[in-house]
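Asker: Pasting in a structure now, in structure tokens, and then I'll have a few things to ask.
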Amino acid sequence: MFLTQTCPAGYVKHAPDGREYDCLKRTIWGFQTGPLWGAFSEITHLPEVNVAKIPDGVSYDEAAASSMTLLTSWHMLVGRAKIRPGQVVLIMGGGSGVGSFGIQIAKLYNCTVISTASGDKLDKLKQLGADYAVDHRKEDWSKQVRDIAKPYGGIDISFDHIGQTHWNAQLTLLKYRWNTCFMWSNNWI
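Reminder that position 3 of the sequence shown reads as 54 in the numbering used here, one-by-one numbering, no gaps.
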């Protein structure tokens, strides 16, 4: 498929194999993966599997913005951590864009989700599907998570993009043969 693009959402201009009837003028969202990274070009060639119809009621801006947060979360949990059904997943910063999609992806995989955020976002975590919501600004946040995870034997995957302030405590919550995925932009790494 060829997509006219200044952001990863737009109209299909040309479709292969004479299938223009199927997607001409269709609003779509798409993404590139290495070695074809990027979306900021006039025309982009995408494999069909990398394109999805933008649902009614979702704007180009919303669809384009989701590519950064959704694909980052997907890459972290599915691509790197190899999430599997039934695991216990700790989503740090679940109130953020990346964390919000992390919760939903973990629930898609039928995982038990413990998520953290500031106190004013805990209801949002539950609405997104988190089984448990913990305020990570409280000093005893890791004790709360440990108590929640104890019946499950601990945490299978820790999904983190908060970084330095919570990292050491997270490591103490993980099961033996644990998995962690993180994305940090802190200067201390």
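Heads up, the beta-carbon is just placed ideally off N, CA and C, and yes, glycines get one too.
All of these numbers come straight from a predicted model, not from anything done at the bench.
1. Starting from T123, follow the alpha helix (DSSP H) in both directions and report where the run begins and ends.
2. Does the beta-carbon of A103 have 16 or more other beta-carbons within 10 angstroms, so that it is buried, or is it exposed?
3. Between the stretch 169-176 and the stretch 146-159, can you find at least three pairs of beta-carbon atoms closer than 8 Å?
4. Could you spell out the range, first to last residue, of the beta strand (DSSP E) harbouring I165?
5. Look at the alpha carbon of V139 and the alpha carbon of K201, and state the distance between them as a whole number of angstroms.
6. Taking just the CA atoms, how far does L122 sit from K194?
7. Excluding sequence positions up to five away, which residues of its chain have a Cβ less than 6 Å from the Cβ of T163?
8. Determine which residues share a DSSP beta bridge with A183 and list them.
9. Measure the C-alpha to C-alpha separation of E190 and D107 and round it to an integer number of angstroms.
10. In chain order, what residues of the same chain have a beta carbon less than 8 Å from the beta carbon of L224, not counting five sequence neighbours either side?
11. Confirm, please, whether the CB-CB distance from L128 to A157 is below 9 Å.
12. In whole angstroms, what is the alpha-carbon distance linking V185 and D171?
13. Using 9 Å as the threshold, is the C-beta distance between H212 and G130 below it?
14. Give me the Cα-Cα distance between S118 and K226, rounded to the nearest whole angstrom.
15. Less than 9 Å separating the beta-carbons of Y160 and R135?
16. What did DSSP end up calling S147 once you bin it into helix, strand or coil?
17. Candidates A116, E113, Q221: which alpha carbon is nearest H187's?
18. Reducing DSSP to helix, strand and coil, say where K133 ends up.
19. Using a 10 Å radius around the Cβ and a threshold of 16 neighbouring Cβ atoms, would you call T137 buried or exposed?
Answerer: Taking the geometry as given:
1. 111-125
2. exposed
3. yes
4. 163-168
5. 11 Å
6. 31 Å
7. V139, D182
8. It is worth fixing the name first, because residue 183 is Tyr in this sequence and not Ala. According to DSSP, Y183 bridges with I165.
9. 43 Å
10. L141, S193, V196, R197, A200, G205, I206, S209
11. yes
12. 11 Å
13. no
14. 31 Å
15. yes
16. coil
17. Q221
18. coil
19. According to the sequence displayed, residue 137 carries Gly and not Thr. Looking at its Cβ environment, which holds fewer than 16 other Cβ atoms inside 10 Å, G137 is exposed.
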